[in-house]
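Residue numbers (this note's numbering), protein chains in the order written: chain G, 1 to 189; chain Y, 1001 to 1872. Where a beta carbon is used, it is the ideal one built from N, C-alpha and C, also for glycine.
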Amino acid sequence: MSGLLEPTLYVIKGIAILDNDGNRLLAKYYDPSVFPTVKEEKKFEKNLFQKTHRANAEVIMLDRLTCVYRSNVDLFFYVMGLSHENELILVSVLSCLYDAVSAILRKNVEKRTLLDNLDIIMLALDEICDGGVPLETDPQVVTQRVSLRMEESPFNDQTVTQQVRQKLETTTGAVLQSAREQLKWSLLK
Amino acid sequence: MMSSFKQIKKDEEEGGGNPYHSMDKTSVLQEARVFNETPVNVKRSTHVLTKILYLLNQGETLATKEATDAFFAMTKLFQSNDLVLRRLVYLGIKELCTVAEDTIIVTSSLTKDMTGREDQYRAPAIRALCRITDATMMQAIERYMKQAIVDRAPGVSSAALVSCRHIMKDSPDVVKRWVSEVQEALSSDCVMVQFHALGVLHQIRKSDKLAVTKMVTKLTSSGLRSPYAICLLIRIVARLIEEDEVGADSRLFDFLESMLRHKAEMVIYEAANAIVTLRKSSARDLAPAISVLQLFLSSPKPTLRFAAVRTLSKVAMTQPNAVTACNLDLENLIQDVNRSIATLAITTLLKTGSEGSVDRLMKSISSFLNDISDEFKIVVVEALRALALKYPRKQAVLMGQLADMLRSEGGLPYKEAIASTIITIIEDNPEAKEKGLDHLCEFIEDCEHTTLAVRIIHLLGREGPRTRQPARYIRFVYNRVILENAAVRAAAVSVLAKFGAQCESLLGNILVLLQRCMMDTEDEVRDRATYYHAVLATRDNALINQYILNPPQFALPSLERALVQYLRTDTSGPFDTRTIPTAPPPQEEKKTPNIMEPAPRPVERIIPTHEKYAEQLAAIPHFAHLGPLFKSSAPLELTEAETEYMVRCIKHTFQKHIVLQFDCTNTLNDQLLEAVSVVVEGDGWDIEASLPCPSLPYSQLGSCYTLLPIPEDIMATTGTFSATLKFKVRDCDPATGEPDTDEGYEDDYTLEDVEITVADHVQRAARSNFAAGWDELGATNELEDTFALSAMTTLEEAITQITQFLGMHPCDRSDRVPEGKSAHTLYLAGTYRGGHEVLVRAKLALADGVTMQLTVRSDDPEVSEVIASAVG
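Okay, structure coming up:
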């Protein structure tokens, strides 16, 4: 068969979020035939990071994969597909990932805030891609599916811990501050 | 609570801002005890569960017991109704279900969530549930799945569809029952649901071409909304066009073309890529696709430029003229900040550019070559190779560029690609030879890759002695003996001997050099030096030719087996090497993998090599007396594709026998075949034995054999055989394969004829120096004849035909005709059954068909006659 593309839903081979030292913060690979073990995955990530951390060029071919990427401050977002995959589909998944993360982190797209909200980010990643199939590519829908209810929930029937957890979405300093306030508030009451 | 924040803060300072840094698996699993608290401590549990998920994501592996314990602790968290926590539990289930045992336990909790009212739970619960259920369990939730597929909430519908697709990998049949629901989902308004539904529907119908065609006809006219679904549809349509043998259905093609005007770039690109990749697209079909790609080239989005230039470079490989229109845009991309785009642009230009632009392109290449990865450098080298073959006059410039690249930094695959490109140029153009050899000589002076150095030294041994001044290469080769590791030294010694054998004037000096090598610290080097010195010192041309220039090339495993056999029997007589099959020369070297080409697909059936066949046949007692296997033919199909029974024939030639091996496959699932045999009949041939295949169940491969003694008369050793497959049919249950009846009935099936040709008696053999071998054989058994091959229209065609017909190996690269020549000489070498050396010289001339003067030399007059008369 010539280079015709396989008619398949499985277009994504991997998604990764790395920090500014090339360490994995979160990564999912969906095809064991591309990287059989975590060792190969991490080796690939190191290599990928080396090739991409300086030049912000959006797309690179590496190890027979097409990788589209974006970075902000100290975070690098990657979406990988086979070398002949339609790059524009990959980019649409990448934009969704980036925009969803940005919305969840209230535009503070940084390692610190990402780790503080790691649980929500994991859920978002799970909503974007399921086993290599792009599940949702609209960042608004993704954000809604992972976090909308929390904002809607009325304050008064939540415990203090939950309120603090919600505040974790902002920076740590703000969290400490608000935790103190919440405590004071509940004591005064 | 404050203390836990302090804890986090402290961790952050230690782990460079990562609170999850330096966590320990055991202690985290200990912390998982918090899951058991009632009421559920939501905050702590969320934190601990996140930690566990993080560890798993980092590649930490849990033992089955650890995983099972964590899994069961996690199930307690179903008591909490916290949204985030519940969804993390789903994630945990998906991560742990491959390791933990008894995960089935959560089925009821998940089913409850899946059928509940909370949309936020339903979709992820479906996805988690489908990971832990197998086909049998599926039936229990079938009703819910059907409802979920057509659910009004797009998230739920998508989740159900994607889960369907995953399930189909293991049990396709369950999902097939839901086809009407999937079809309903296809008309959903939601972009993603439509995409997922089409994916599942196509997977269900994939094997039924008619159903796919119907589906495509409907969808191409109705119009899908989702760009993702359209991309998928384009791929399905492209497949259909490609597989359709009659010719492209114009409506399908029109659909592809109309998608070039879609508003989503993703779809436009997908359509353009499909059109240019289709083998059937004519230049006129290509034009609109190329022009949208051309527009993309100047897009501000790097990915769009990348996609376009990557596709254009692919087109340029096969149809460079179609891309010429984009040359101007491509030249602008050479300066692109994305080096991948720049590289692809330049390699495309190298393929489409005119001769005049070569110098300019070379300059731009050197400017950015250091910025790009080795993989892309190889792409550039490949482009240079193609260019060198296209414009021979530019070879000097290109060779200079390649030499510069050879000296710069780079890994082994890159250097190998450059070296083999230089070698290609040398072989293609004799005028470039000395210049190229000089570059390579210079390179091996400082080459860190042993394999590459050895390869180049051997090339020097092959080409060096035939240049005007062989003496100048000796210095380079001998330097290796002084400076390099053992493998390179050994190669250098062999090459020195080749120079000595071919250049009379240098022989004296070479003998001195070889004498020095006899002091080497390495056994292999000393042995080679001693051996070559002894042979060369005799100054006996026949001996030198036989043992240095054209050494015997036995198939080593066969040689070993024959020697073991010899030692077991009476060793008073000399060992006869004639019965040892010669090893066929290696086929074309494999190309360096190129990132521009799709990953090679795994070959469906690996064709066993000579050795495997030899072992297989030796295991059959009836064939034990036949001696060593001389040659096995390539498999020959005796049936049309997709018939009831498929039979392939492999011809195995022995010293005095031929074994026909018939590989049969039964493609009817309601039949069990027994006593399967192939009956052959041919004039003048006896059949010594026939081994039937006792039982041939559906879709399994079975072999039966026929043993034919080769007639004494060497002129009667070719022939045509009629073949019939004979067998006993027993009808059986398609599902179980158990036969319904005890009694079967006889049946037969006519196969295509089997032909035994001259090529079946000849093994290909390599001669590194044909001329020496030719003189050595002498004119004693020479036969010469002239033929008019009127059916041939080109020299290449004639060469391929003759080579295949005689089953011999072209020597001295004489199978390549220099462009524009109307006369050519082909040199072929082979070994005839029984170990007779055969050389053929075919002088070809092109005029109204091809005229051929064929000269055959061998060490046996009868063999010469067989070969000479074979062509007529």
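**OP:** Take the Cβ of Thr-1639/Y as the centre, count every other Cβ of all protein chains shown within 10 Å, and call the residue buried at 16 or more, exposed below.
**Re:** Sequence index remark: in the second sequence, residue 1639/Y carries index 639 (1-based). Buried is the call here.
Subject >> Contiguous alpha helix (DSSP H) assignments of at least 4 residues, all confined to the stretch 1430-1460 of chain Y >> reply: With a minimum length of 4 residues, the continuous alpha helix (DSSP H) runs that stay inside the stretch 1430-1460 of chain Y are 1433-1444.
Original post:
By how many angstroms is the C-alpha of Lys-1209/Y removed from the C-alpha of Gln-1183/Y?
Top reply: Translated into positions along the second sequence, residue 1183/Y becomes position 183. Translated into positions along the second sequence, residue 1209/Y becomes position 209. Annotation: Gln-1183/Y to Lys-1209/Y spans about 17 Å, alpha carbon to alpha carbon.
Original post:
How about Gly-137/G: is its C-beta nearer than 8 Å to some C-beta of chain Y?
Top reply: Within the first sequence, numbered from 1, the residue matching residue 137/G stands at position 137. The sequence shown places Thr at residue 137/G, not Gly. So yes, Thr-137/G belongs to the interface.
**OP:** List the residues of chain G whose Cβ lies closer than 7 Å to the Cβ of Arg-1165/Y, in chain order.
**Re:** Counted from its first residue, the second sequence places residue 1165/Y at position 165. Neighbours of Arg-1165/Y on chain G, chain order: Leu-9 and Val-133.
Original post:
Could you give the distance in angstroms between the alpha-carbon of Thr-1061/Y and the alpha-carbon of Arg-1385/Y?
Top reply: One-based indexing of the second sequence puts residue 1061/Y at position 61. One-based indexing of the second sequence puts residue 1385/Y at position 385. Rounded to whole angstroms, Thr-1061/Y to Arg-1385/Y spans 48 Å at the Cα level.
Original post:
Exposed or buried, Thr-1571/Y, counting other C-beta atoms within 10 Å across all chains shown (16 or more means buried)?
Top reply: Residue mapping note: residue 1571/Y aligns to position 571 of the second sequence, counting from 1. It counts as exposed.
**OP:** Give me the Cα-Cα distance between Leu-1440/Y and Ile-1456/Y, rounded to the nearest whole angstrom.
**Re:** Here residue 1440/Y corresponds to residue number 440 of the second sequence, with the count starting at 1. Here residue 1456/Y corresponds to residue number 456 of the second sequence, with the count starting at 1. Each residue's Cα considered, the two are about 7 Å apart.
Original post:
When the cut-off is 8 Å and only beta carbons count, does Ser-71/G lie next to chain Y?
Top reply: One-based indexing of the first sequence puts residue 71/G at position 71. Not an interface residue.
Original post:
Any Cβ of chain Y within less than 8 Å of the Cβ of Arg-145/G?
Top reply: Counting from 1 along the first sequence, the entry for residue 145/G is found at position 145. Output row for Arg-145/G: interface = yes.
Subject >> Cα-Cα separation, Ala-1491/Y to Glu-1463/Y >> reply: Position 491 of the second sequence, counted from the first residue, corresponds to residue 1491/Y. Position 463 of the second sequence, counted from the first residue, corresponds to residue 1463/Y. Between Ala-1491/Y and Glu-1463/Y, the C-alpha separation is close to 15 Å.
Original post:
Nearest to Tyr-30/G by alpha carbon, out of Thr-143/G, Asp-130/G, Thr-137/G and Leu-135/G?
Top reply: In the first sequence, the residue the question calls residue 30/G occupies position 30. Scanning Thr-143/G, Asp-130/G, Thr-137/G and Leu-135/G for the CA closest to the CA of Tyr-30/G turns up Asp-130/G.
Subject >> Where Lys-1169/Y falls, given that 16 or more other Cβ within 10 Å makes a residue buried >> reply: Sequence index remark: in the second sequence, residue 1169/Y carries index 169 (1-based). Per the 10 Å Cβ criterion, exposed.
**OP:** Please name the residue or residues paired with Lys-1726/Y in a DSSP beta bridge.
**Re:** Translated into positions along the second sequence, residue 1726/Y becomes position 726. Lys-1726/Y is bridged to Ser-1677/Y and Asp-1748/Y.
**OP:** State buried or exposed for Ala-1548/Y, treating a residue as buried only when at least 16 other CB atoms are found within 10 Å of its CB.
**Re:** Start at 1 with the first residue of the second sequence, and residue 1548/Y comes out as number 548. Residue 1548/Y is actually Ile in this sequence, not Ala. Burial call: buried.
Subject >> For Asn-1057/Y, the nearest candidate out of Leu-105/G, Ile-15/G, Lys-46/G and Leu-82/G (CA to CA) >> reply: Here residue 1057/Y corresponds to residue number 57 of the second sequence, with the count starting at 1. Ranking Leu-105/G, Ile-15/G, Lys-46/G and Leu-82/G by Cα distance to Asn-1057/Y puts Ile-15/G first.
**OP:** Figure out for me which residue from Glu-1819/Y, Lys-1728/Y, Tyr-1827/Y and Arg-1177/Y has the closest Cα to the Cα of Leu-1806/Y.
**Re:** The residue given as residue 1806/Y occupies position 806 in the second sequence. When only C-alpha atoms are compared, the closest one is Tyr-1827/Y.
Subject >> For Cys-129/G, the three-state DSSP class (helix, strand or coil) >> reply: Numbered from its first residue, the first sequence carries residue 129/G at position 129. In this structure, Cys-129/G counts as strand in the three-state DSSP scheme.
Subject >> Helix, strand or coil at Tyr-1391/Y [DSSP, three-state] >> reply: Working through the second sequence from its first residue, we reach residue 1391/Y at position 391. Coil.
Original post:
For Asp-1151/Y, does the count of other Cβ atoms within 10 angstroms reach 16, so buried, or fall short, so exposed?
Top reply: Residue numbering aside, residue 1151/Y sits at position 151 when the second sequence is read from its first letter. It counts as buried.
Original post:
Does the distance from the CB of Lys-13/G to the CB of Leu-82/G come in under 8 Å?
Top reply: The sequence position of residue 13/G within the first sequence is 13, counting from 1. The sequence position of residue 82/G within the first sequence is 82, counting from 1. Yes, the Cβ-Cβ distance between Lys-13/G and Leu-82/G is below 8 Å.
Original post:
If you draw a straight line from the C-alpha of Lys-1821/Y to the C-alpha of Val-1840/Y, how long is it?
Top reply: Sequence index remark: in the second sequence, residue 1821/Y carries index 821 (1-based). Sequence index remark: in the second sequence, residue 1840/Y carries index 840 (1-based). Cα to Cα, Lys-1821/Y sits roughly 21 Å from Val-1840/Y.
Subject >> Local conformation of His-1625/Y per DSSP, three classes >> reply: In the second sequence, counting from the first residue as 1, residue 1625/Y sits at position 625. In the three-state reduction of the DSSP assignment, His-1625/Y falls in the helix class.
**OP:** Mind checking who Glu-1637/Y pairs with in its DSSP beta bridge?
**Re:** For the purposes of this step, residue 1637/Y is taken as the residue at position 637 of the second sequence. Paired residues: Arg-1648/Y.
Original post:
Nearest CA to the CA of His-1824/Y: which residue from Ile-1799/Y, Ala-1772/Y, Val-1477/Y and Ala-1537/Y?
Top reply: Residue numbering aside, residue 1824/Y sits at position 824 when the second sequence is read from its first letter. Comparing Cα positions, the closest option is Ile-1799/Y.
Original post:
So which residues of chain Y does Glu-45/G contact, with C-beta pairs closer than 8 Å?
Top reply: The sequence position of residue 45/G within the first sequence is 45, counting from 1. Within chain Y, no residue comes near Glu-45/G; the closest Cβ sits about 11 Å away, beyond 8 Å.
Original post:
Using the C-alpha atoms, what's the distance from Val-133/G back to Thr-1720/Y?
Top reply: In the second sequence, the residue the question calls residue 1720/Y occupies position 720. In the first sequence, the residue the question calls residue 133/G occupies position 133. Each residue's alpha carbon lies about 55 Å from the other.
Original post:
Under 8 Å between C-beta atoms, does Leu-1369/Y make it to chain G?
Top reply: Locating residue 1369/Y in the second sequence gives position 369, where the first residue counts as 1. Not closer than 8 Å to any Cβ of chain G, the Cβ of Leu-1369/Y fails to qualify, so no.
Original post:
By Cβ distance, which residues of its chain are closer than 8 Å to Asn-1036/Y, with the 5 residues on each side in sequence left out?
Top reply: As a working note, residue 1036/Y is residue 36 in the second sequence. Excluding sequence neighbours, Asn-1036/Y sits near Ala-1073 and Lys-1076.
Original post:
Quick one: Cα of Ala-1345/Y to Cα of Leu-1330/Y, how far?
Top reply: Residue mapping note: residue 1345/Y aligns to position 345 of the second sequence, counting from 1. Residue mapping note: residue 1330/Y aligns to position 330 of the second sequence, counting from 1. Between Ala-1345/Y and Leu-1330/Y, the C-alpha separation is close to 5 Å.
Original post:
Using the rule of at least 16 other Cβ atoms within 10 Å of the residue's Cβ for burial, across every protein chain shown, is Lys-1666/Y buried or exposed?
Top reply: Position 666 of the second sequence, counting from 1, holds the residue named residue 1666/Y. In the sequence as displayed, the identity of residue 1666/Y is Asn instead of Lys. That one is buried.
Original post:
With distances taken from CA atoms, which of Arg-64/G, Arg-145/G and Ile-17/G is nearest His-53/G?
Top reply: Numbered from 1 along the first sequence, position 53 holds the residue referred to as residue 53/G. Selected option, being the one with the closest Cα: Ile-17/G.
**OP:** Give the range of the alpha helix (DSSP H) segment to which Tyr-1531/Y is assigned.
**Re:** For the purposes of this step, residue 1531/Y is identified with residue 531 of the second sequence, where counting begins at 1. From DSSP, the alpha helix (DSSP H) with Tyr-1531/Y extends over 1523-1537.
Subject >> Proximal residues, the stretch 22-43 of chain G versus chain Y, C-beta separation under 9 Å >> reply: Under the 9 Å Cβ criterion, the stretch 22-43 of chain G contributes Asn-23, Arg-24, Leu-25, Leu-26, Ala-27, Lys-28, Thr-37, Val-38, Lys-39, Glu-41 and Lys-42.
**OP:** Identify which residue in Thr-1136/Y, Arg-1087/Y, Thr-1133/Y and Asp-1102/Y has its Cα closest to the Cα of Asp-1113/Y.
**Re:** Here residue 1113/Y refers to the residue found at position 113 of the second sequence. Taking only the C-alpha atoms, the option nearest Asp-1113/Y is Arg-1087/Y.
**OP:** Under 8 Å Cβ to Cβ from Gly-1436/Y, same chain only, skipping five residues before and after it: list those, please.
**Re:** In the second sequence, residue 1436/Y corresponds to position 436, counting from 1. If we look at Gly-1436/Y and ignore the five residues flanking it on each side, its Cβ neighbours are Met-1399, Ile-1422, Ile-1423, Ile-1425 and Ile-1426.
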